[in-house]
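Protein chains in written order, with this note's numbering: chain A, 35 to 234; chain X, 123 to 310.
Note that beta-carbon positions come from the ideal geometry of N, C-alpha and C, so glycine has one too.
Here the structure is a predicted model, which means the values were calculated and not measured.
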């Protein structure tokens with residue numbers, strides 16, 4: 035009888051864990067770091083498989099990390115704006131790095147997508163969504179701006195609308211401009227809106 | 123010994139059933155082929171809604187709980203959970219609960235992909251599409267703790283308080299339990 039009780043207890047524990055796991059997959063995205071927190075250096079493979087560190091790609095005056103996607107229509111609506119952002123701020127000392135954390139979009143797809151949409155900034159693949167988890171990124175597109183010391187200065191959306199003709203507030207650009215001008219960033223967080231990052 | 127053998131067999135059955143239910147959603151996704159709406163089905167009308175109108179809905183006097191699901195056609199988990207929501211709608215809305223859906227698709231989709239998807243799902247609940255230049259005030263209005271990620275499901279009691287919320291694909295049984303709790307309280 036004792037063996038029976040132990041066996042049944044074991045089975046119920048396993049069944050319970052399996053049921054709980056169903057919900058954990060979708061619901062539990064780690065909280066993003068607070069504004070002012072320092073982001074640790076990290077390395078991820080680029081679309082050719084070469085490991086690239088944040089430090090090696092960082093701009094002299096800061097870096098924008100953009101979580102992007104291949105198939106997300108919201109992220110794709112920002113392709114031109116993201117490329118323009120990278121071009122405009124490169125000369126000013128701020129680098130733009132794309133990160134693709136979607137489990138279903140492999141490096142080949144990311145490479146082809148970048149070529150098709152003429153995205154020239156480096157795009158890293160985030161296997162196992164390690165960096166998405168570390169930064170608490172939940173959607174694409176979602177932006178993080180860190181200064182030259184990797185201190186997080188801004189987190190959130192690029193601007194208010196996926197439609198370029200309805201832009202009212204360019205929150206990310208405002209943050210970059212304020213930082214470059216040595217001024218305090220007025221809005222350090224703005225809710226990013228887009229497709230949920232498909233985690234593995 | 124015989125008893126232990128029977129128990130072992132029972133345990134394996136239970137384990138199998140447990141993991142089968144764990145894997146079930148993925149299987150459902152594959153089998154959900156899009157079917158065009160039948161000719162007899164009423165055409166789906168999706169109404170535009172702005173932040174002020176959404177605020178009116180949330181703040182109006184009501185006698186029944188209100189379930190709101192925010193979704194988009196481009197959001198995979200939104201599409202995946204829709205059959206469960208349609209079922210829950212048919213179970214509760216006729217008698218005890220209001221239910222609306224708010225799409226966050228682009229406004230240009232209001233007469234095309236959004237009603238087409240709802241028609242395919244045979245979704246009859248009132249359907250809106252958020253038509254705002256900036257979604258942030260609407261997101262904050264519903265729940266300041268909501269990041270804006272989709273899908274997002276909120277259950278409001280008759281006082282307009284959020285009593286249940288879920289980000290990501292809903293667990294239909296969990297949602298039913300939350301509604302049952304509220305409907306019972308409302309009826310008391």
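Requested in this report: Answer yes or no: does any C-beta atom of chain X fall closer than 8 Å to that of residue 208 (chain A)?
Outcome: no
**Report entry** For residue 232 (chain A) and residue 138 (chain A), the rounded distance between their alpha carbons
**Finding:** 7 Å
Query raised in the report: Which word fits residue 169 (chain X), buried or exposed, when buried means at least 16 other C-beta atoms lie within 10 angstroms of its C-beta?
Result: exposed
Query raised in the report: Beta-carbon separation of residue 284 (chain X) and residue 250 (chain X) under 8 Å?
Result: no
Query raised in the report: Quick one: what does DSSP say residue 151 (chain A) is sitting in, helix, strand or coil?
Result: coil
Query raised in the report: What separation, rounded to the nearest whole angstrom, lies between the Cα atoms of residue 288 (chain X) and residue 75 (chain A)?
Result: 33 Å
Query raised in the report: In or out: residue 269 (chain X) buried (at least 16 other Cβ within 10 Å) or exposed?
Result: buried
Requested in this report: Report yes or no: do three or more beta-carbon pairs, one from the stretch 111-127 of chain A and one from the stretch 136-156 of chain A, lie closer than 8 Å?
Outcome: yes
Report task. Would you mind listing the alpha helix (DSSP H) stretches within the stretch 84-169 of chain A that are 4+ residues and don't spill past its ends, in chain order? Result -> 88-91, 107-111, 113-124, 141-150, 164-169
Query raised in the report: Using 8 Å as the limit for Cβ to Cβ distance, is residue 227 (chain A) near chain X?
Result: yes
Report task. Can you tell me which of the three DSSP states residue 180 (chain X) falls into? Result -> helix
Query raised in the report: Going along the chain, which residues of the stretch 65-80 of chain A sit with their C-beta nearer than 7 Å to a C-beta in chain X?
Result: none
Report task. Mind checking the stretch 235-254 of chain X against chain A and listing, in chain order, the residues whose C-beta falls within less than 8 Å of any C-beta there? Result -> none
Query raised in the report: Looking only at its own chain, which residues have a Cβ that is under 6 Å from the Cβ of residue 286 (chain X), when we skip the five neighbours before and after it?
Result: 277, 300
**Report entry** Supposed contact pair residue 226 (chain A) and residue 176 (chain A) - C-beta distance, whole angstroms, cut 8 Å
**Finding:** 4 Å
Requested in this report: List the residues of chain X that residue 202 (chain A) touches, going by C-beta distances under 8 Å, in chain order.
Outcome: 255, 256
Query raised in the report: Which value, in whole angstroms, describes the spacing of the CA atoms of residue 159 (chain A) and residue 203 (chain X)?
Result: 28 Å
Query - Sufficient close CB pairs (3 or more, under 8 Å) joining the stretch 143-152 of chain A to the stretch 62-72 of chain A - result: no
**Report entry** Separation of residue 217 (chain X) from residue 100 (chain A), as counted between CA atoms
**Finding:** 47 Å
Query - Closer than 7 Å at the beta carbon, the chain X residues around residue 107 (chain A) - result: 196
Query raised in the report: Relative to the alpha-carbon of residue 165 (chain A), which residue among A:143, A:142, A:133, A:182 has its alpha-carbon at the smallest distance?
Result: A:133
Query - Through-space distance from residue 191 (chain A) to residue 204 (chain A), alpha-carbon basis - result: 9 Å
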